[in-house]
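In full-length UniProt numbering, the protein residues as written are 1 to 316.
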């Protein structure tokens, strides 16, 4: 299991025990850790194994784009800091450095950034994607990094774009697909089911009144949330998975001014889940939120949704 290093200043890297053999590393935001990221990481590990180097990932605990543009980063991350750490920890990597992107980092030149990681970590091999850049004003582009190989004595490997359905896989593409409710293609790009993790909180108990009790979830406000609608999902609770119906929306049948809620009905499950933590794996978009004229019609539609969702998993 990799060692996780949380960094707020690049000078903190000097406190790390320097690798005698050197590091094979990759650098990036790695939001969502999709198949393109997975390829970069696996290439980094492969080089480390072949050359007898240590392996590491340098990433960021927050969004450089949102820091630089001063935009609100709520509803932005495909993977929160904790989720990113959990996913990356599954790789056979030696070290993970999570850097807080702040004013110091933003104003660090490409030369100084390379100098820090070279002198502190002993950089030997750098694997990056074709659109990569680092340093202030993104001056450390591919051409720059090529030129710096002789100065800092490292080798540079630039991977080809990773494609899915003839499109370059990126975090932006995954978000676009999710916003288009194309969950199936988004999951293909990720290589896993997009998921939401949260604690069960008290709700309005409407689901119970409809004979379809739901668990209302409190999700990290920075997490990227799919559009309003009904989704087929699997609910992970205490290492077991259950079929579920996920609802994201304002429950329009019960009024026009309701806040957006995220709630899940778990099929054939009756245990109280208040204050428990659930992970929702989103498999497929089912339908939009609809305003019904009465509760009876809503209940009928919800039963149809459940039949549809169960059929979805019968085909797996």
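Note that the Cβ used here is the ideal one computed from N, Cα and C, for glycine as well.
Look at the UniProt domain "Riboflavin kinase" (189-314) and you find these whole runs of alpha helix (DSSP H), each 4 residues long or longer: 206-209, 295-314. For residue 117, the uninterrupted alpha helix (DSSP H) run begins and ends at 110-121, by DSSP. The alpha-carbon separation between residue 275 and residue 203 amounts to approximately 12 Å. Residue 26 counts as buried, since at least 16 other C-beta atoms from the protein chains shown sit within 10 angstroms of its C-beta. Counting along the chain, the unbroken alpha helix (DSSP H) around residue 176 starts and ends at 171-179. A distance below 8 Å separates the beta carbons of residue 60 and residue 98.
Annotation: residue 283 to residue 165 spans about 19 Å, alpha carbon to alpha carbon. Closest in alpha carbon position to residue 34, among 271, 248, 185, is 185. By the Cβ criterion, the region 158-177 is in contact with the region 39-47, since at least three pairs of Cβ atoms, one from each stretch, lie closer than 8 Å.
When 47, 4, 171 are compared, the shortest CA-CA separation from residue 21 is found for 47. Residue range 95-99 is occupied by the beta strand (DSSP E) that includes residue 98. Per DSSP, reduced to three states, the secondary structure at residue 37 is helical. Per DSSP, residue 30 lies in no beta strand (DSSP E) and is assigned neither H nor E. Linking residue 212 to residue 81 through their CA atoms gives a straight-line distance of about 33 Å.
With a cutoff of 8 Å on beta-carbon distance, residue 250 and residue 266 are scored as not near each other.
Less than 8 Å divides the Cβ of residue 136 from the Cβ of residue 107. Between residue 62 and residue 30, the C-beta gap is not smaller than 8 Å, which leaves the two residues out of contact. Counting C-beta pairs with one atom in each stretch, the region 219-232 and the region 303-316 have three or more that are closer than 8 Å, which means they touch.
Contact check between the region 76-94 and the region 119-129: fewer than three CB pairs, one atom from each, fall below 8 Å, which does not count as touching. With distances taken between CA atoms, residue 128 lies nearest to 58 out of 178, 49, 58. Taking every protein chain shown into account, the CB of residue 94 has 16 or more other CB atoms within 10 angstroms, so this residue is buried. Its chain contains 19, 21, 22, 23, 24, 47, 124, 125 as the residues whose beta carbon lies nearer than 8 Å to that of residue 53, once the 5 sequence neighbours on both sides are disregarded; these appear in chain order. Residue 124 sits in a strand when the DSSP states are folded into three classes. In this chain, the alpha helix (DSSP H) harbouring residue 67 covers 64-69. A check of alpha carbon separations from residue 153 across 173, 132, 176, 115 identifies 115 as the nearest.
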